[in-house]
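Protein chains in written order, with our numbering: chain Y, 23 to 207; chain R, 14 to 784.
Note that the Cβ used here is the ideal one computed from N, Cα and C, for glycine as well.
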Amino acid sequence: MDENKNQTKKSLNEIVAIVYITKDNAVFEKKSDFLTLTLTAPNEEGVVETKTYERIFLHRAFPFDNPFSYISVLDKDNKEIGMISDLSVLAEEDAEAIRNELNRKYYTPVVKSIISMKDKFGFSYWKVMTDEGELSFTLHDTFHSLMKVDGGSRIFITDIDGNRYEIPDIEALDRKSYKKIELFL
Amino acid sequence: MVEKQWYFDPSQPAEVPECLHDVLEKRGIPLSEIKLCLMTDLSPDMVRCDCWLLATDTHILVICGSMMLTSPQSRKKGYTPDRSFAEISYTVFELKEFAEFFVEEQIASIRLTAKRKEESTYQLLLNGSNTYRPSCQSAARFLKQLVEKGEIEPDKNGNKRDEVFCPKCGTRYVDKARKICPKCMDKNKIIRRMGSFLLRYRAHMIMILIALVLSSAIGVLSPYISSGFYFDEVLNISGKFYGQILMVLAMIVGTRLISVAISMFHNIVTSVVAAKLSYDLKKTIFTAIERLSISFYTNRQTGGLMAQVTNDANTIYWFFCDGVPYFLVNIVQIAVMLVIMLVMNPLLTLLALITVPLVFISIRMLFDKMGKLHAKRWAKSRGMNAILSDVLSGMRVVKAFSKEKDEIKRFRKSSLSVAEAEQNTSIFATLAFPGVNLLFSISNLIVLGAGGWMVIKGNMTYGMLLTFISYMNMIYSPMYSFVDMVSWFTDSLNAMSRLIEVMDAEPEVVEAENPKSLGDIRGHVEFRHVDFSYDKNRKIIDDVSFDLEAGHALGIVGHTGAGKSTLANLLIRLYDVTAGEILIDGINVKDISFEELRKHVAIVSQETYLFMGTILDNIRYARPDATYEEVIEAAKIAGAHDFIIKLPDGYSTMIGFGYKDLSGGERQRLSIARSILRDPKILILDEATAAMDTETERKIQTAIERLSKGRTTITIAHRLSTLRDADKLIVIENGKMPEAGTHLELINKKGIYYNLYKLQLDAMKNIGIEG
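Structural data, given as C-alpha cells:
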C-alpha cells in the first residue's frame with residue numbers, strides 16, 4: 023500500500039521534500055547578464071544527479087517579512103528547482119549575485135514624500151518624490167490599491183499599470199504627506 | 014517624466030523622437046533605416062532614465078540617457094516643447110545574433126530579453142516599468158518578425174494607437190475604452206448631473222421652496238410687529254395706533270397661525286418627496302450596479318457596495334430635499350434683511366457686519382477640515398461593513414477554527430476606529446459652533462453699544478433699536494447655519510461623486526451595438542488563440558485553440574486553478590478575451606447579443622445559486638413563461654422531481670436565505686433543471702458533480718447525460734471518469750493547452766493526461782477496484 027502510494031506520487035512528478043540549495047550542492051555562474059545554476063540534488067525519481075540550468079528565476083516566498091530568506095529558484099518553465107533558505111547559506115559572491123538579482127526583480131521605488139494627491143471619482147492622481155526622483159501615477163479604487171503590511175505601518179501602492187511603490191514606514195512620512203494619504207489608511 | 018507623446022506603437026518608424034536624431038546622426042545611421050522604436054523608463058541596470066530601443070534591418074541599438082526640456086513648458090494645445098538628449102550609454106547588438114525575444118514579467122517591472130541563436134544564452138536588452146508592458150510586448154513580437162522575415166508585419170487589427178490621454182489636460186485616461194477624464198469633470202458638473210436627475214421632482218421642489226419663502230417672509234415681518242411697530246406706533250403716544258394692544262396681539266397670533274400652517278404644508282410635501290426620491294435613488298444605484306461586468310464586483314467588496322446603495326441614497330436625498338431649499342431660502346433671507354437693516358440705519362448695519370469677513374474665512378477653513386473628517390469617517394465605516402459581511406459569509410470557517418474571539422477583536426478594532434472617526438467629526442462640529450458664535454456675539458456688543466448711544470443722542474427710536482437687534486440676530490442664524498451646511502454639503506458631494514462613479518463605470522464587457530443573429534443555431538464552438546488575463550500581471554489563459562463540432566462533447570482536464578472555468582466564463586462572456594477570438598457557428602461571441610448568447614449557452618456549475626423564492630420560481634428563472642408541465646418535465650429529467658414532490662409544499666416550497674435548506678445535491682439538481690428548461694444548444698458542465706457523493710453523482714450524471722443529448726457539451730472535470738463520453742479532450746495547464754486529442758491519442762502520447770489517468774487508475778487499484 024505504502025509503496026503504491028509512493029509510486030503514485032512519483033508518477034505525479036511531485037517532489038514531497040523541498041530541495042534546499044546551499045553552497046555545498048550548488049554553483050552559480052554569471053553568463054551574459056544572467057545567472058546559471060549547477061545543482062547536485064535528487065531528481066524526481068529520487069536519484070541524485072547534477073544538472074545545469076541555463077536560466078534561473080528567483081521568487082520570494084515571503085516578500086515582505088523575509089526578503090532575503092526562503093527564495094524559490096525556478097527554471098525557465100516556472101518549475102521550482104529548489105529553495106534558498108537564507109542568503110547566508112551561499113558562498114559570499116553567490117549571495118551577492120542573488121541579492122542583486124532579487125533587488126532588480128522586486129524593483130520598487132521608495133516614496134519619500136507625497137507632493138500632491140487628487141482624489142476624483144474613484145481614481146486618484148499622485149505625484150510623489152521617491153528615491154528615483156519625482157514620479158506620478160494614477161490609482162483606481164485607492165483604498166484597495168494600498169496594501170498594508172506589518173500591521174499597517176508599511177504600505178505598498180499598486181498603480182493602474184501594475185507598478186509598485188513602497189512607503190516603508192507611514193509614520194515616518196512628513197506631516198503634509200501623511201495627511202494626503204491618511205484618508206485611505 | 015512620462016509624457017503623452019511617448020506612448021507609441023513601436024512599429025511606427027516615424028516616431029523616432031527629434032532629440033534622438035543627433036545621436037543617430039553622430040553614428041551615421043540614417044533615420045529611414047529605423048524600423049522600430051520603443052521607449053521605456055528603466056535602463057538595463059535598473060536605473061530610471063529615458064531608454065530607447067531602436068532596430069534597423071541589421072542591428073538593435075539600446076540608447077539610455079535623459080531627455081531635457083530646452084524650451085519652457087506650456088499647456089497650449091498642440092505645443093511640443095523642444096528637447097535635448099543627454100546620452101549615458103549606447104549599446105549595439107547584431108540582430109541576427111538572436112532567435113527569440115521575450116518580455117519577462119517581474120513584480121512591478123518588465124524586461125525585454127533575447128535568446129541567442131548559437132549558444133542558448135540570453136541577453137538582457139532593456140528594462141521598463143509595467144506602464145511600458147504593452148509596447149514592449151509588441152516590440153518583442155515585431156523584433157521576432159524582423160529577425161525571421163526581415164520586415165515588420167502590421168497587426169491584423171491594424172496598428173491602431175489607443176488614445177490614452179485626455180486631450181484637455183493631458184491626464185492619462187484610466188480606462189482606455191471610457192475616454193472620460195475624471196480630472197476634467199468638476200463639482201459643479203456633479204451637482205448639475207444630480208440636479209437633472211432631480212428634475213422629475215421639480216413640482217415638489219417648487220412647493221417646498223414656496224413654503225420656505227413664505228415662512229421666511231413671515232419671519233421677517235414678525236419682529237417688526239412685535240418690537241418696532243409695537244413700541245413706536247402702539248405704545249408711543251404719538252403713534253398712529255396708540256393703545257390698540259389687542260390688535261397687535263391679534264396680528265401676532267395671526268402670523269403665528271399662518272406660519273404653523275405653512276410649516277405643516279412644507280412637512281407633508283417633504284415626506285412625500287422623501288420616500289419617492291429615496292426609492293428612486295436606490296433603484297438608480299442598483300440598476301447601475303447590476304449593469305456592470307463581473308469584474309467590477311471582484312474589484313470591490315460587496316459590503317462596501319451595500320453601504321453605498323443605502324447610505325448614499327439617503328445622503329443625497331437629504332441634501333436635495335432639505336439642504337438645497339434651506340440654503341436658497343437662507344440666502345434670500347439674508348439679502349432681504351440686509352436691505353431692511355440698511356434702510357433702517359446704514360451705519361449700524363456696517364458696524365453689525367464688521368465680523369462677517371472673519372466669519373466667512375473661518376467657515377472656509379471649516380469647510381476643508383469637515384470634508385476630510387467626513388470622508389475619513391465614511392472610509393472607516395465602509396471598512397467595518399466589509400469586515401461584517403466578510404465574517405458573516407464565512408461564519409462556518411470562523412466556527413470551524415474557533416476563531417470567534419479573533420474575529421470579535423478584528424471587528425472591535427474596526428468599529429472602534431469608526432467610533433473614533435465619528436467622535437472626531439462631532440467634536441470638531443461642537444467646537445466649530447461656539448467658535449463662530451463668539452464672533453457673532455462680538456458684533457452684538459458693538460451694535461448694543463453704538464445703537465444705545467444713537468438712541469440717547471436721539472438719532473434713533475428705542476423701538477427701532479429693538480427691531481434692528483431682532484433683525485441682526487435673525488441674519489446671523491442663517492449665516493450660522495452655513496457652518497452646518499458645510500458638513501451637509503461635503504457629505505453629499507462625497508456621496509454624489511461615489512454615485513456618479515458607479516453610474517459612470519463602464520461595463521468592461523460591452524454588448525455589440527448591432528448584434529448578429531445566430532439564427533438557427535447549430536452549436537459549433539471554436540476557440541482561436543485565446544488569451545486572457547484578469548489583471549495585467551498574469552496571463553490566465555495563454556493561446557488556447559480548439560474546434561468543437563456541433564453536437565460533440567469536449568472534455569477539459571487540468572489541475573485546480575489551471576484556468577478551466579475561465580474558458581467557460583469567456584465563452585458566455587462574463588469576461589472578454591484579451592486576445593484571439595471565440596466563435597459560435599463562425600460568429601464571434603462579441604458580435605452576439607447577450608440575450609441570444611446566454612439563451613443558447615448554459616452553465617451548470619459547482620456553485621449553484623438559488624434565489625429566495627419558491628422552487629418553481631427558481632427553476633423558471635431562466636424562462637419565466639414555462640408551463641407547469643414543462644417545469645415538472647425538466648425537474649424529472651434532472652432527477653429533482655422525486656425529492657421535490659416529497660416536500661410538504663411541493664414545487665411551492667420556499668427556498669433560499671432563511672427558508673428551507675436543500676442539500677448540495679438537491680440544489681445541483683435544481684440548477685440542472687433550470688438549464689434543461691432553458692434548452693440551450695451549448696451546455697457547459699463546470700465540475701457539476703465534484704462536490705457530490707458517489708450515489709448523488711451517479712444520479713446527476715444520468716441527469717446530465719439526458720441533458721446533453723443533441724447538444725454541444727463542454728465538460729470540465731478533474732475526475733476523468735466524468736469525461737468518458739467526450740469526443741475530444743484538451744488538457745489545460747497554467748493557462749496553456751499542452752495536449753489535445755481523443756482519449757486514446759492522449760494515452761499514447763504519454764504526457765500529462767496519461768499521468769493523470771494512471772494516477773486515478775492507481776487510486777482505484779488502491780481501494781481494490783481494477784481499472
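Beta-carbon proximity check, residue i vs residue j, cutoff 7 Å
i: I632 of chain R; j: R687 of chain R; result: yes
i: A563 of chain R; j: H537 of chain R; result: yes
i: T627 of chain R; j: S665 of chain R; result: yes
i: I93 of chain Y; j: L80 of chain Y; result: yes
i: L227 of chain R; j: I275 of chain R; result: yes
i: K529 of chain R; j: I600 of chain R; result: yes
i: T725 of chain R; j: I695 of chain R; result: yes
i: I616 of chain R; j: A647 of chain R; result: no
i: F545 of chain R; j: T591 of chain R; result: yes
i: Y75 of chain Y; j: D97 of chain Y; result: yes
i: E107 of chain R; j: K128 of chain R; result: no
i: Q257 of chain R; j: V266 of chain R; result: no
i: N343 of chain R; j: P491 of chain R; result: yes
i: H39 of chain R; j: A68 of chain R; result: Note that residue 39 of chain R is Lys in the sequence shown, not His. For K39 of chain R and A68 of chain R, no; Cβs fall outside 7 Å.
i: I657 of chain R; j: L623 of chain R; result: no
i: L355 of chain R; j: T362 of chain R; result: yes
Inter-residue Cα distance where the pair is residue i and residue j
i: A365 of chain R; j: L225 of chain R; result: 26 Å
i: T53 of chain R; j: R126 of chain Y; result: 16 Å
i: G764 of chain R; j: E752 of chain R; result: 8 Å
i: D175 of chain R; j: I597 of chain R; result: With a pLDDT of only 49 at D175 of chain R, under the threshold of 50, the placement of this residue in the model should not be trusted; the figure read from the coordinates follows. Taking the straight line from one Cα to the other gives about 28 Å.
i: A117 of chain Y; j: V95 of chain Y; result: 13 Å
i: K771 of chain R; j: K778 of chain R; result: 10 Å
i: D662 of chain R; j: S406 of chain R; result: 28 Å
i: Q158 of chain R; j: L212 of chain R; result: 59 Å
Residue i, DSSP secondary structure in three states
i: G252 of chain R; result: coil
i: T130 of chain Y; result: coil
i: G141 of chain R; result: strand
i: T71 of chain R; result: coil
i: T104 of chain R; result: strand
i: R96 of chain R; result: strand
i: G652 of chain R; result: coil
i: G163 of chain R; result: coil
i: Q756 of chain R; result: In the sequence as presented, Gln is not what sits at residue 756 of chain R; that position holds His. In this structure, H756 of chain R counts as helix in the three-state DSSP scheme.
i: P447 of chain R; result: helix
i: Q136 of chain R; result: strand
i: H81 of chain Y; result: strand
i: L195 of chain Y; result: coil
i: T666 of chain R; result: coil
i: A112 of chain R; result: strand
i: K48 of chain R; result: coil
i: D740 of chain R; result: coil
i: P298 of chain R; result: The sequence as given places Ile at residue 298 of chain R; Pro does not occur at that position. The answer is helix: DSSP assigns I298 of chain R an H, G or I state.
i: L772 of chain R; result: helix
Bridge partner(s) assigned by DSSP for residue i
i: L351 of chain R; result: Beta-bridge pairing links L351 of chain R to no other residue.
i: W538 of chain R; result: What sits at residue 538 of chain R in the sequence shown is Val, not Trp. DSSP lists R:L561 and R:I597 as partners of V538 of chain R.
i: H162 of chain Y; result: Y:F145
i: Y726 of chain R; result: Position check: residue 726 of chain R holds Thr in this sequence, whereas Tyr was assumed. According to DSSP, T726 of chain R bridges with R:A566 and R:L696.
i: K749 of chain R; result: R:E746
i: P236 of chain R; result: Beta-bridge pairing links P236 of chain R to no other residue.
i: F380 of chain R; result: Partner(s): none; F380 of chain R has no beta bridge.
i: K170 of chain Y; result: Y:I177
i: S428 of chain R; result: Paired residues: none, contrary to the question.
i: E118 of chain Y; result: DSSP output for E118 of chain Y lists no bridge partner at all.
i: G104 of chain Y; result: Y:V95
i: V49 of chain Y; result: Y:T60
Neighbouring residues, chain C, relative to residue i (Cβ below 8 Å)
i: K389 of chain R; result: Checking the listed chains, one finds no chain C in this structure; the protein chains it contains are Y and R.
Review point. Going along the chain, which unbroken runs of the beta strand (DSSP E) with 3 or more residues stay wholly within the region 568–632 of chain R?
Key: 592–597 and 614–618
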